[in-house]
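Report on one structure; see the data block that follows.
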Amino acid sequence: MIVWLRQVRALAALAVLELYRRKDLVVVLILSLLILCPLAFFTPFGVKGASRYVNELAMLPIWIFSAVIALGVSARLFPPEFESRTIFPLLAKPVDRGTLLAGKFLGACAASLSALVIFYLAYGLLTGVRQGLWFPVVFLQALLLHAGFVVVVSALGLLGSLVLTPSANLTICSLVVAGMFFYGQRLPGLVAGQPPPANALLGLIHWIGPHVEFFDLRRRVVHEWPPVPWRVCLAVTAYAAAYAIVCLLAARSLFIRKKI
Amino acid sequence: MRNRWHDLLALLPLLVVILLARTLPVRYAGAMPQVPGDDILQLVLGDARRELGRQMLAKADSYYHGGMTHTDCTGLETHDSHADHDGQPGHLDDDGGAHGPHGHAAHAGPAGTGFPDPWQWIDRQVHAQPHRHLEREALDELLPWLWAACRSAPDDVQARLTAAYVLERQTGEPRAAIRLLEEGLTVVPVSPELAFALGELHLNKLKAAGEAERWFERARTNGASRAPAGDADAQLLEIRTLHYLAVLARRRNDAERLRALVGLAEAEHPAHALTRAMRKLLAEPASR
Chain A
1 MIVWLRQVRA
11 LAALAVLELY
21 RRKDLVVVLI
31 LSLLILCPLA
41 FFTPFGVKGA
51 SRYVNELAML
61 PIWIFSAVIA
71 LGVSARLFPP
81 EFESRTIFPL
91 LAKPVDRGTL
101 LAGKFLGACA
111 ASLSALVIFY
121 LAYGLLTGVR
131 QGLWFPVVFL
141 QALLLHAGFV
151 VVVSALGLLG
161 SLVLTPSANL
171 TICSLVVAGM
181 FFYGQRLPGL
191 VAGQPPPANA
201 LLGLIHWIGP
211 HVEFFDLRRR
221 VVHEWPPVPW
231 RVCLAVTAYA
241 AAYAIVCLLA
251 ARSLFIRKKI
Chain B
1 MRNRWHDLLA
11 LLPLLVVILL
21 ARTLPVRYAG
31 AMPQVPGDDI
41 LQLVLGDARR
51 ELGRQMLAKA
61 DSYYHGGMTH
71 TDCTGLETHD
81 SHADHDGQPG
91 HLDDDGGAHG
101 PHGHAAHAGP
111 AGTGFPDPWQ
121 WIDRQVHAQP
131 HRHLEREALD
141 ELLPWLWAAC
151 RSAPDDVQAR
161 LTAAYVLERQ
171 TGEPRAAIRL
181 LEEGLTVVPV
191 SPELAFALGE
201 LHLNKLKAAG
211 EAERWFERAR
221 TNGASRAPAG
231 DADAQLLEIR
241 TLHYLAVLAR
251 RRNDAERLRA
261 LVGLAEAEHP
271 AHALTRAMRK
281 LLAEPASR
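Here the protein sequences come in this chain order: A and B.
FYI, the numbering for the first sequence is 1 to 260, going by my numbering.
FYI, the numbering for the second sequence is 1 to 288, going by my numbering.
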């Protein structure tokens, strides 16, 4: 077990190092600062005091970049290994395919989550300095659920990387995530309003699609709504964990059968 | 030597380009695709800026409702409190805080499957919230979006009216709101709404009766063609304008003018409450 954990940790560390080596995060942070700094000093009609628009505009890049980073990192875990054939020495060592998959996935999650924590720290500092609101409960819940989003997206990206080419994987995963993010909430209404067989198809999407919209607490954070009940947070976190496990099991099944 | 000739030859098309750039706008002064004097937003977005302006105004409205949009509330038509929520400036005049015990969760659409749907339960718990309005002191939060709406679509009368209302209410200083409305009238000179709002601000906030009367007259002139065409908003604006003008005439003890205004109101809106109020003004004895 200890050996297995060491192997997983070593594999995960590689993914984290890869993210920071490529400086993606630095670019994203600089871009966000370039967008937000002028906005933070903007006084519409010469009136100071508005802050929610900055919070909302800060949350938008956090969501976009976290999705991009999670998908980018997870989708790049296996294809380069296959192309450069470095997968062979990896598997030649006493690392089985399941361990490799788990290590890669945990690495993708750790890398994406570390970026997410940096984003939220920056956001927390921004709202703290501007509004005097230092890390309220709803903010911590938003971070927790956003972490769930990152885990689900990483699992989807990893699964896709084993069955699709990298560009197809990125495209399809982006479409699925964006589609569910914007329309997931409306699916039940669409199911009710469509004739067969469209309603059956939409119903299937509703039941098995990744409901990433569950993780979006931006409105609550931006508009200072009260926190979500913790049992709901727990349910959403459990949903994320269950969805990621299903994706990982499917990925494991595919990876074990895959001819390299 | 040969390269130098090539360089000189390259100058020829450059000269042609410069010549065309100088002559085309003069030759086709009225037919150029871009209108001189328009700002960068107009050049980049064209007519899309109007849509952008509408979206910014909708964003301000959603901020007023604590982040909720009308599409979030699928059962809006059954929601009595929304009856007057059509983006009117008066929309912001409601009392602050939440509307009542009912929440948006109650409006979530059924899946139509008849058995419990855990995904819908989670979604309702995460996203559902009681219907709420911003507290008065937090109305500043609307200003960035209203500013953006006015900048995106300078001819959007509703955006200017709402922005002027919030601006005056938040700062307590009507000058900025007046500037905003006057800017609007330079873009839409025929708007009766902008002129009426200017009249109200001058009368109620600056106590400048003369200036207010000038704006009310302009509002009446601007709305003259819309009210007889059956535009209900314009008709309401017309009778309100006539009432203000009657009050101002009464203050000046100008009985002849007052009689003329009452006559106009009786001709156009005989049964309206404001017409009755104007008749009362006429019946009152002249003040000192």
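C-beta atoms are modelled at their ideal positions from N, C-alpha and C, and glycine is treated no differently.
Rounded C-alpha distance that separates residue i from residue j
i	j	result
V254 (chain A)	A115 (chain A)	As written in the sequence, residue 254 (chain A) is Leu, which differs from the Val given in the question. Rounded to the nearest angstrom, the two C-alpha atoms are 29 Å apart.
F42 (chain A)	L142 (chain B)	14 Å
V236 (chain A)	T165 (chain A)	31 Å
P174 (chain B)	K207 (chain B)	11 Å
T241 (chain B)	G172 (chain B)	24 Å
L45 (chain B)	V188 (chain B)	20 Å
A70 (chain A)	F214 (chain A)	17 Å
A250 (chain A)	L156 (chain A)	10 Å
A10 (chain B)	I18 (chain B)	13 Å
P227 (chain A)	R151 (chain B)	35 Å
V191 (chain A)	R179 (chain B)	50 Å
A273 (chain B)	D156 (chain B)	30 Å
V117 (chain A)	L143 (chain A)	8 Å
L29 (chain A)	D233 (chain B)	49 Å
G124 (chain A)	D61 (chain B)	26 Å
C247 (chain A)	W230 (chain A)	26 Å
A201 (chain B)	L187 (chain A)	Note on identity: in this sequence residue 201 (chain B) is Leu, with Ala being the wrong assignment. Distance between the alpha carbons of L201 (chain B) and L187 (chain A): 47 Å.
I260 (chain A)	F119 (chain A)	38 Å
E284 (chain B)	E137 (chain B)	41 Å
R54 (chain B)	A212 (chain B)	29 Å
D198 (chain B)	R50 (chain B)	Inspection of the sequence shows that residue 198 (chain B) is occupied by Leu rather than by Asp. Answer to the nearest angstrom: the Cα atoms are 23 Å apart.
Q131 (chain A)	G46 (chain A)	18 Å
F65 (chain A)	V150 (chain A)	11 Å
V262 (chain B)	R22 (chain B)	60 Å
R252 (chain A)	L101 (chain A)	7 Å
L202 (chain A)	F182 (chain A)	14 Å
E135 (chain B)	A48 (chain B)	33 Å
L145 (chain A)	R220 (chain A)	12 Å
R252 (chain B)	E266 (chain B)	21 Å
Neighbourhood of residue i by C-beta, 7 Å cutoff - its chain only, sequence neighbours within 5 removed
i	result
L258 (chain B)	A246, A249, R250, L281 and L282
A67 (chain A)	V153 and V177
V26 (chain B)	none
G148 (chain A)	F215, V236, T237 and A240
Exposure of residue i, with buried meaning 16 or more beta-carbon neighbours within 10 Å
i	result
K258 (chain A)	exposed
H104 (chain B)	With a pLDDT of 45 at H104 (chain B), under the threshold of 50, the modelled position of that residue is not reliable, and no figure is offered here.
T127 (chain A)	buried
T275 (chain B)	buried
P210 (chain A)	buried
G230 (chain B)	exposed
Q170 (chain B)	buried
L168 (chain A)	Looking at the sequence shown, residue 168 (chain A) is not Leu but Ala. That one is exposed.
V129 (chain A)	exposed
C37 (chain A)	exposed
N3 (chain B)	exposed
G210 (chain B)	exposed
D7 (chain B)	exposed
T162 (chain B)	buried
L175 (chain A)	exposed
W134 (chain A)	exposed
Per DSSP, cross-strand counterpart(s) of residue i
i	result
R220 (chain B)	DSSP output for R220 (chain B) lists no bridge partner at all.
Contact set for residue i: own chain, Cβ-Cβ below 8 Å, skip 5 residues either direction
i	result
E217 (chain B)	L245
P56 (chain A)	In the sequence under discussion, the amino acid at residue 56 (chain A) is Glu, which differs from the Pro named in the question. Only R218 and V222 meet the Cβ criterion.
S191 (chain B)	V157, G184, L185 and N222
Chain-order list of residues whose beta-carbon lies under 6 Å from that of residue i (same chain, five-residue window excluded)
i	result
Y63 (chain B)	E141 and L142
A184 (chain B)	Contrary to the premise, residue 184 (chain B) reads as Gly rather than Ala in this sequence. Correct list, in chain order: R160 and L194.
L57 (chain B)	A149 and A159
L25 (chain A)	A115
G103 (chain A)	V8, L11 and A12
Residue i Cβ short of 7 Å to the ligand SAH heavy atom set
i	result
K205 (chain B)	The ligand SAH is not part of this structure, which contains no ligands at all.
Proximal chain E residues relative to residue i, where beta-carbon distance stays under 7 Å
i	result
L143 (chain B)	Checking the listed chains, one finds no chain E in this structure; the protein chains it contains are A and B.
Practice item. Counting only runs of 4+ residues fully inside the region 162–195 of chain B, write out the alpha helix (DSSP H) ranges in chain order. Key: 174–187
Practice item. Could I get the ranges of all uninterrupted alpha helix (DSSP H) runs contained in the region 5–58 of chain A, with 4 residues as the minimum, in chain order? Key: 24–40
**Study point:** Completely contained alpha helix (DSSP H) runs for the region 228–286 of chain B, where each covers 4 or more residues
**Key:** 232–251, 255–268 and 273–283
Exercise for review: Could you tell me which uninterrupted alpha helix (DSSP H) segments, each at least 4 residues in length, are contained entirely in the region 91–125 of chain A, listed from first to last along the chain?
Suggested key: Within the region 91–125 of chain A, no complete alpha helix (DSSP H) run reaches 4 residues.
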